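Participant: Protein chains in written order, with the working numbering: chain A, 2 to 485; chain B, 13 to 347.
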Amino acid sequence: MSQLRAFTMPKWGIEMLEGTISEWNVNVGESVVKGQVIAQIETDKIVNEVEVEYDTRFVRLIAEPGQAYPVGALLAVTSSDTVEDEEIDAFVRAFVPAGGAAFENLEPASASSAPPGPSGTASPAPTPSPPAGQLAPAATGRDRPAIPAGTLISPAARELALRLSLNVSVIQGHGRSGRITLQDVDQAAKPIRSVHGGGPVAIEPTGAALDAFYASPYAKRLAVTHSVDLATLTGTGPRGRISRQDVAAAAGISVVPARGAAYEVLRMSPTRKAIARQLTLSKSTIPHFYLRMSANVDALLALRAELKRAEGSAPSMNDYFIRAVALALIAAPDVNVQVHGDQIHRFRDADISVAVAADKGLITPVIRAAQTKSVRAISAELRAVIERARAGKLRADEIEGGSFTVSNLGMFGVDQFDAIINPPQGAILAIGAARLRPVERGGGLGVAQVANFSLSCDHRAIDGAVGATFLQELTALIEAPQRL
Amino acid sequence: MAVMNMREAISSTLHAEMERDSNVLILGEDIVGGMGTAGGPEAIGGIWGLTGGLYAKFGPNRVIDTPISESCIVGAAAGAALSGKRAIAELMFADFVGVCLDQLYNQIAKFRYMFGGAKCPVTVRLTYGAGLNAAAQHSQAVYAMLTSIPGLKVVMPTTPADAKGLLTSAIRGDDPVMFFEHKTLYGDKGEVPDGDYLLPFGHARMVREGHDASIVTCGQMVGFAAKAADNLAKDGIACDVIDLRTTSPMDEETILDSVEMSGRLVVVDESPPRCSLAADIAGLVVNKGFAALRAPVEMVTPPHTPVPFARELEKAYLPSAASIEAAVRKALAYR
């Protein structure tokens with residue numbers, strides 16, 4: 002028997018449940034060498050390149066680009082030497098995903114199933130004979146056929162069930178003679194929807210008193226709601242009947258549009274879903290409080306202008322701010338924390354997550370040990386990482402594990418805002434635009450470029466005074482930028 | 013307003029219209045009854061009890077017992093109508109339209125279209141429907157078949173008041189009307205307006221009003237649907253229940269208005285599902301209301317079989333409040 006191996010959906014990080022092949026970089030039958038990029042996989046956080054970990058040949062690609070697969074799902078089959086199609090078929094049928102079961106009716110994998118990982122191996126085991134008296138086709142262990150022979154199922158339904166690794170024997174078919182349709186599989190793969198509506202409701206027709214009028218039921222309903230006298234109307238509906246348009250025109254309202262036409266349904270991308278999950282968790286469980294301070298940035302602007310004159314280019318204001326935040330975090334280490342249950346992890350380095358708007362939503366690449374890097378170095382690193390982020394090529398380790406986040410909307414003209422903490426971090430800084438504002442100067446009034454800073458803190462770990470210390474240090478650095 | 017059952021509402025409307033217009037005549041099997049027996053006219057007969065007293069009042073020229081021949085009844089009615097009368101033809105069981113189908117679909121449905129706009133004011137009253145253990149040849153709901161024929165209007169009253177309003181409109185109108193009377197609804201009581209009362213065709217009735225799902229139905233099924241909606245309302249699920257009243261012309265506007273609000277359609281039909289009224293309405297909404305639909309259209313119909321005779325089987329055959337309620341929940345549960 003040839004050495005067939007399974008290439009399965011990898012598990013990158015504890016939260017990853019499923020991934021999407023955005024692109025295959027190999028073709029069927031292509032030989033690959035260790036380290037070669039074979040696919041792009043998108044998780045709810047990033048798109049990442051996948052390198053093959055051993056020299057081999059891809060004998061079958063199973064996953065379709067654009068489709069989500071649970072962690073551990075079979076994506077492709079590899080083999081170092083030539084194999085027959087039937088052998089691959091048998092291997093695919095016998096494959097049992099390890100862990101990461103994303104669907105409630107996916108049967109639990111047997112204890113001896115393949116280990117997870119990008120190259121989890123699952124060589125076919127000897128087929129055990131089904132226990133006597135078992136009515137259903139052998140339904141446990143590795144010999145479980147993906148879809149038992151003789152199952153009445155449409156071709157598209159079969160394909161979907163295979164792709165989602167659904168156990169079709171528990172799906173009730175609604176086609177002729179119980180044949181399983183695409184709709185049956187689609188519905189089986191989605192979570193059950195509760196239809197309980199709550200307390201009793203009144204369903205007496207509201208327009209019943211208007212029976213004498215030749216008006217459509219909905220027109221009568223509208224007439225009651227908007228106190229329109231139907232006797233004053235001339236019907237323009239079918240056969241001269243008063244229609245909802247007639248009543249709406251008389252009441253000066255717009256006719257309720259069709260529900261389906263009022264909006265467009267956009268599916269959340271994996272990234273969007275991750276943002277939604279993370280921020281909902283944060284805002285609903287973390288006791289936020291906000292500290293606001295402003296800083297005169299005239300000196301910083303002057304410093305930057307001078308550098309630009311001298312060297313032809315200068316880092317952006319944001320780069321300076323990140324550097325200032327890094328130094329302020331080292332000065333106020335109690336803000337440079339992550340919160341894990343009843344433990345506070347205080348970080349030695351200022352690992353600063355920088356919020357960046359990308360096509361698919363917000364991402365936060367991390368500048369590690371930013372206090373050790375010059376403004377120029379921060380600038381270069383950030384530019385490179387943003388470019389990779391926008392191309393969807395960030396590695397998981399480039400976006401994980403920051404100790405503090407900086408979000409700057411100044412470039413969009415936002416004066417001031419409060420940000421939501423990015424858990425498990427303890428705080429986030431929101432930076433607004435620098436604007437000319439009146440300031441007290443030498444006992445009189447002058448104007449200066451002033452920017453607003455708002456610090457959102459997790460009160461479980463950070464008290465007001467601690468946060469204030471950080472902001473004082475930060476604004477002092479910005480107002481006397483020589484130390485940057 | 014007087015409270016009466018549907019039988020009384022139809023009978024009194026027949027009396028009123030025959031009194032009002034001497035051109036109105038009625039013919040059918042055994043509608044007088046007792047002719048030639050010792051008891052004389054009206055001694056026996058009129059198995060649905062709808063035509064009693066007509067013979068005594070209007071005489072043998074306007075109240076005519078016919079041989080047992082549906083083709084004779086409808087054919088004679090068509091001829092009378094073409095020559096200026098307003099004919100009411102009674103078919104004791106709608107199941108026998110097959111016998112007079114040529115008179116219906118190839119003759120009276122075509123006269124106005126083919127012969128210079130000839131008026132043919134025939135009202136064919138047909139007793140239809142299952143639920144009385146009358147077996148496969150006397151229980152069918154054949155309205156879908158006649159609804160499919162251009163040139164015929166198809167009417168199905170559900171309440172005594174609607175029976176009066178629709179029958180009056182049918183008799184006074186100039187077109188052939190198939191007036192379907194459900195045999196289980198004859199005893200249903202309700203308030204009926206006094207004096208002249210006409211209901212236009214193609215004008216559906218809102219029986220219940222909610223926004224979660226639209227139940228569209230007609231005839232005997234309206235009561236079942238209302239019961240299902242009342243059960244669902246206790247659970248916080250509010251349904252529109254639409255009684256179509258007439259299936260040709262059909263009130264598209266009311267159906268689409270409702271589905272555009274609810275996004276979910278449950279059609280309840282007493283005829284088997286293939287080429288049925290349920291299929292027709294489902295097709296209409298899929299075609300014109302697709303943007304509003306949030307779940308597949310649910311069709312609650314009998315199975316594709318003849319109506320069974322055994323009481324238990326007949327009960328299982330017919331849609332019920334429970335099966336309608338289940339269909340609404342299924343539509344709401346669509347993911």
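Ideal Cβ positions, reconstructed from N, Cα and C, are used throughout, including at glycine.
Bear in mind the structure is a predicted one, so any value in this text is a computation, not a measurement.
Could you say if the region 205-224 of chain B and the region 172-191 of chain B meet the contact criterion of at least three C-beta pairs nearer than 8 Å?
Facilitator: Counting Cβ pairs under 8 Å, three or more are found: they touch.
Participant: For residue 230 of chain B, go through chain A and note every residue whose CB falls closer than 8 Å to its CB, in chain order.
Facilitator: None at all; the shortest Cβ gap to chain A is about 15 Å.
Participant: Check for me: the beta strand (DSSP E) holding residue 140 of chain B runs from which residue to which?
Facilitator: Counting along the chain, the beta strand (DSSP E) containing residue 140 of chain B begins and ends at 134-140.
Participant: Measuring only between beta-carbons, confirm whether residue 347 of chain B sits less than 7 Å from chain A.
Facilitator: Chain A, which has a Cβ nearer than 7 Å to the Cβ of residue 347 of chain B, makes this yes.
Participant: Which residues in chain A sit within 9 Å of residue 266 of chain B, going by Cβ to Cβ distance?
Facilitator: 217, 218, 219, listed in chain order.
Participant: Going by other Cβ atoms of all chains shown within 10 Å of its Cβ, with 16 needed for buried, is residue 20 of chain B buried or exposed?
Facilitator: Buried, by the Cβ-count rule.
Participant: Assign residue 235 of chain A to one of three DSSP states: helix, strand, or coil.
Facilitator: DSSP places residue 235 of chain A in coil when its eight states are reduced to three.
Participant: Which same chain residues, not among the five before or five after residue 96 of chain B, have their C-beta less than 7 Å away from its C-beta?
Facilitator: Only 35 meet the Cβ criterion.
Participant: Would you list, in sequence order, the uninterrupted alpha helix (DSSP H) runs of no fewer than 4 residues that lie entirely inside the region 257-331 of chain A?
Facilitator: Listed in chain order, the complete alpha helix (DSSP H) runs (minimum 4 residues) inside the region 257-331 of chain A are 271-286, 299-312.
Participant: Between the region 15-34 of chain B and the region 317-331 of chain A, are three or more C-beta pairs nearer than 8 Å?
Facilitator: No, the region 15-34 of chain B does not touch the region 317-331 of chain A.
Participant: For residue 269 of chain B, decide whether its Cβ has a neighbour in chain A, counting only Cβ atoms nearer than 7 Å.
Facilitator: By this cut-off, residue 269 of chain B is an interface position.
Participant: Could you check what DSSP says for residue 251 of chain B in three-state terms: helix, strand or coil?
Facilitator: In the structure shown, residue 251 of chain B sits in a strand (DSSP, three-state: E or B).
Participant: Would you say residue 112 of chain A faces chain B, with C-beta separation under 7 Å as the test?
Facilitator: Because residue 112 of chain A sits at a pLDDT of 35, beneath the cut-off of 50, its placement in the model cannot be relied upon, and the following sentence gives the value as read from the coordinates. Closer than 7 Å: no.
Participant: Under the three-state reduction of DSSP, which class applies to residue 127 of chain B: helix, strand or coil?
Facilitator: Residue 127 of chain B: coil per DSSP, three-state reduction.
Participant: Can you name, in chain order, every residue of its own chain whose Cβ lies under 6 Å from the Cβ of residue 138 of chain B, other than the five neighbours on each side?
Facilitator: 103, 106, 192, listed in sequence order.
Participant: Which residue wins for smallest C-alpha separation from residue 290 of chain B, given the options B/315, B/306, B/269, B/274?
Facilitator: For residue 290 of chain B, the nearest C-alpha among the options comes from B/315.
Participant: When the cut-off is 7 Å and only beta carbons count, does residue 237 of chain B lie next to chain A?
Facilitator: By this cut-off, residue 237 of chain B is not an interface position.
Participant: What does DSSP give as the partner residue(s) for residue 16 of chain B in the beta ladder?
Facilitator: Looking at the DSSP assignment, residue 16 of chain B forms a beta bridge with B/202.
Participant: Can you find at least 3 beta carbon pairs, one from the region 351-368 of chain A and one from the region 401-417 of chain A, that sit closer than 8 Å?
Facilitator: Flag = yes, the region 351-368 of chain A and the region 401-417 of chain A touch.
Participant: Taking 8 Å as the cut-off, does the region 303-319 of chain B touch the region 271-280 of chain B (at least 3 CB pairs, one atom from each stretch)?
Facilitator: Cβ pair count under 8 Å is three or more, so yes.
Participant: Taking DSSP's pairing of strands, which residues face residue 313 of chain B in a bridge?
Facilitator: DSSP output for residue 313 of chain B lists no bridge partner at all.
Participant: Determine the chain A residues that contact residue 222 of chain B at a beta-carbon separation under 8 Å, and present them in chain order.
Facilitator: By Cβ distance, chain A contributes 202, 204.
Participant: Taking residue 447 of chain A as part of the beta strand (DSSP E), name the residues at either end of that continuous run.
Facilitator: Element bounds for residue 447 of chain A: 445-459.
Participant: With a cut-off of 7 Å, does the C-beta of residue 344 of chain B fall near any C-beta of chain A?
Facilitator: Judged by the 7 Å Cβ criterion, residue 344 of chain B is in contact with chain A.
Participant: Can at least three beta-carbon pairs, one atom from the region 342-350 of chain A and one from the region 280-290 of chain A, be found at a separation below 8 Å?
Facilitator: These segments do not touch.
Participant: Would you call residue 67 of chain B buried or exposed, if buried means 16 or more other Cβ atoms sit within 10 Å of its Cβ?
Facilitator: Buried, because 16 or more other Cβ atoms sit within 10 Å of the Cβ of residue 67 of chain B.
Participant: How about residue 283 of chain B and residue 312 of chain B: are their beta carbons less than 7 Å apart?
Facilitator: Against a cut-off of 7 Å, the Cβ pair of residue 312 of chain B and residue 283 of chain B comes out as no contact.
Participant: May I have the straight-line CA-CA distance separating residue 27 of chain A from residue 21 of chain A, to the nearest angstrom?
Facilitator: Near 16 Å, if we compare the C-alpha coordinates of residue 21 of chain A and residue 27 of chain A.
Participant: Which class does residue 190 of chain B belong to by DSSP, given the choice of helix, strand or coil?
Facilitator: In the structure shown, residue 190 of chain B sits in a strand (DSSP, three-state: E or B).
Participant: Given a threshold of 16 other Cβ atoms within 10 Å of its Cβ, counted over all protein chains shown, does residue 123 of chain A qualify as buried or as exposed?
Facilitator: For residue 123 of chain A, the predicted structure reports a pLDDT of 38, less than 50, and the residue's modelled location is therefore unreliable. A value from the coordinates is still provided. Buried.
Participant: What in chain A is Cβ-close to residue 246 of chain B, meaning under 7 Å?
Facilitator: Per Cβ cutoff of 7 Å: 201.
Participant: Please state if the CB of residue 328 of chain B and the CB of residue 239 of chain B are separated by a distance shorter than 7 Å.
Facilitator: For residue 239 of chain B and residue 328 of chain B, no; Cβs fall outside 7 Å.
Participant: What are the start and end residues of the beta strand (DSSP E) that includes residue 36 of chain B?
Facilitator: Residue 36 of chain B -> beta strand (DSSP E) spans 36-40.
Participant: By alpha-carbon positions, which one of A/315, A/68, A/92 ends up nearest to residue 41 of chain A?
Facilitator: The shortest C-alpha separation from residue 41 of chain A is found at A/68.
Participant: Say yes only if the C-beta of residue 158 of chain A is nearer than 6 Å to one or more non-hydrogen atoms of the ligand NAD, and no if none qualify.
Facilitator: This structure lacks the ligand NAD, and indeed carries no ligand of any kind.
Participant: Give the residues of chain A in contact with residue 219 of chain B, contact being defined as C-beta atoms less than 8 Å apart.
Facilitator: Going along chain A in sequence order, the residues near residue 219 of chain B (Cβ under 8 Å) are 206.
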